[in-house]
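Okay, so here's the structure we're looking at.
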Amino acid sequence: MDLADLTRDLETLRDDALEAIATASDRASLQALEVDILGKKGRLTLVSRGIGALPVEDRPKVGAIANPVRQAIEAAFTERDAVLHAGALEDRLRTETVDVTTPGRPVARGTLHPSLEAMREIADIFARFGFTVYESPEIEDDVTNFQLLNIPPDHPARDLWDTLYVDLPGHLLRTHTSPGQIRVMRATRPPIRALLPGRCFRYEAVDASHDFEFFQVEGLMVDEGTTMGDLRGLLDEFARAMFGAGRKTRFRPGYYPFTEPSVAFDVECLVCGGAGCPACGRTGWMTILGAGMVHPVVLRSGGLDPERYQGFAFGMGPERMKMLKHAITDLRLFMDDDLRFLGQFR
Ligand code: DAH
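Throughout the sequence shown, residue numbering follows the working numbering, covering 3 to 348 in sequence.
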């Protein structure tokens with residue numbers, strides 16, 4: 003074997019290969035051919051073994067002959083494969099049809115949880131009056147949840163908040179969002195217009211109107227010369243935005259340790275319009291929140307001088323807003339995670 007023999011073998015192989023490639027009729031046979039020629043035990047590999055039998059001085063020249071042969075064969079494979087692929091596509095296009103008028107599969111769209119949606123609605127309304135949303139911790143200390151809000155230990159008012167304690171001395175799951183008032187007053191200076199939405203927890207006997215987990219939205223305004231008239235005006239605007247215009251509202255005396263005086267804020271029944279029906283307990287009114295003028299003790303807890311500053315606060319349940327609006331009769335539905343219920347709110 004000399005260089006001339008090897009050159010001739012390679013050229014023969016190239017011509018055979020190009021011929022076979024050009025006439026391969028489908029991609030499967032082209033692939034088989036590729037293994038047969040370029041594979042580990044393929045014909046090109048076998049011919050190349052002849053290099054070992056060449057005189058030593060000829061060996062460096064082999065590359066110049068063998069490489070163009072390999073490149074020509076590889077290029078022919080690539081080109082032929084592209085042609086066969088296009089042909090296969092054309093066949094499919096000829097034989098298969100696509101009905102572009104078939105309706106698409108419906109896409110399941112998510113919705114906000116109604117409690118979150120209600121909190122956003124409430125925040126949007128109060129934002130128009132300059133209220134900023136703050137966050138306050140869900141695990142609270144006893145001092146902030148109760149004592150700084152004018153509810154000392156052993157005070158009977160604690161009976162209003164059935165409490166879940168956590169395994170950390172002096173701490174509990176907040177029973178309301180009101181402790182956020184203290185945190186806001188300590189973190190900022192008047193004028194304060196704060197909204198505190200968030201999750202609250204109580205040790206409750208669960209029924210249609212009590213759950214152990216629910217949301218609240220707290221509001222706090224503190225400034226010089228803030229009056230109950232300001233509170234009333236703001237809440238009237240809120241009721242109008244939330245439940246529509248033309249409904250009467252009223253303040254009823256109430257009791258909360260952290261406000262003095264305290265009120266319940268009622269709106270004319272959304273179902274009967276004030277005539278009296280089962281939904282409003284035949285009173286014609288629905289209570290939508292609790293409110294009052296911030297107690298001087300609470301202002302002092304927040305580091306403010308009650309001689310200089312006055313404020314009002316209110317607290318409402320976003321679930322209650324949804325229940326009133328949509329005549330939902332069971333609070334537990336909100337935490338049941340049943341999509342048939344949750345998916346009804348857009
Ligand atoms: N924290 C009260 C509750 O959980 C709700 C509330 C009532 C908050 C009156 C207030 C308020 O800020 O002034 O029942």
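For glycine and all other residues, C-beta sits at the position ideal for the given N, C-alpha and C. Quantities reported herein were computed from a predicted structural model and do not represent experimental measurements.
Separation of residue j from residue i, as counted between CA atoms
i    : j    : result
L237 : F245 : 12 Å
V300 : P181 : 10 Å
A266 : M288 : 10 Å
A19  : A6   : 20 Å
G319 : E309 : 31 Å
E36  : L12  : 16 Å
D161 : D307 : 29 Å
G235 : R242 : 11 Å
L233 : G132 : 14 Å
E321 : F128 : 17 Å
M121 : D156 : 33 Å
T251 : E270 : 6 Å
R51  : G44  : 11 Å
V135 : V296 : 19 Å
F314 : L341 : 38 Å
P158 : Y258 : 12 Å
S211 : E226 : 38 Å
V102 : E92  : 19 Å
F148 : R204 : 14 Å
G89  : A110 : 39 Å
R29  : T14  : 24 Å
R284 : D143 : 41 Å
A125 : D169 : 33 Å
I53  : L40  : 17 Å
G305 : R107 : 60 Å
Given residue i as reference, the closest of the options once Cα atoms are compared
i    : options                   : result
L198 : F316, T251 and L162       : F316
L335 : E215, E226 and R242       : E215
Q312 : D83, G294, V145 and S31   : G294
V58  : T9, D4, G231 and K324     : D4
C323 : V71, E81, H157 and D268   : Reading off the sequence, residue 323 comes out as Met, not Cys. Of the candidates V71, E81, H157 and D268, the one whose C-alpha sits nearest the C-alpha of M323 is D268.
F347 : A68, E123, F203 and G286  : E123
D338 : V208, E239, T285 and L291 : V208
A68  : G256, R10, G41 and A110   : R10
L326 : L344, L291 and G305       : L291
D38  : G65, G54, A55 and I75     : I75
L166 : E206, I330, G248 and V49  : E206
E262 : T229, V100 and A22        : T229
A329 : C274, G345, T146 and P139 : C274
V85  : I23, G304, R130 and G286  : I23
Exposure label - residue i; buried when at least 16 CB within 10 Å
i    : result
H87  : exposed
I141 : exposed
Q183 : buried
D213 : buried
R82  : buried
S31  : exposed
A26  : buried
T331 : exposed
V71  : buried
T146 : buried
A247 : exposed
Any residues whose CB sits closer than 6 Å to a heavy atom of ligand 1? List them in chain order? Qualifying residues come out as H178, S180, E220, Y258, T261, G292, A293, G294, A315, F316 and G317.
Give a yes or no on contact between the region 271-283 and the region 183-200, applying the rule of three or more CB pairs nearer than 8 Å. Taking 8 Å as the limit for Cβ pairs, the verdict is that the region 183-200 does not touch the region 271-283.
Do three or more CB pairs link the region 146-166 to the region 111-121 at distances below 8 Å? By the criterion of at least three beta-carbon pairs nearer than 8 Å, the region 146-166 is not in contact with the region 111-121.
Measuring CB atoms only, is the region 199-212 touching the region 160-179, in the sense that at least three cross pairs come out at less than 8 Å? With a cut-off of 8 Å, the region 160-179 and the region 199-212 count as touching, because enough Cβ pairs lie within range.
contact_flag[the region 181-190, the region 212-229] where n(CB pairs < 8 Å) is 3 or more: Segments in contact, yes.
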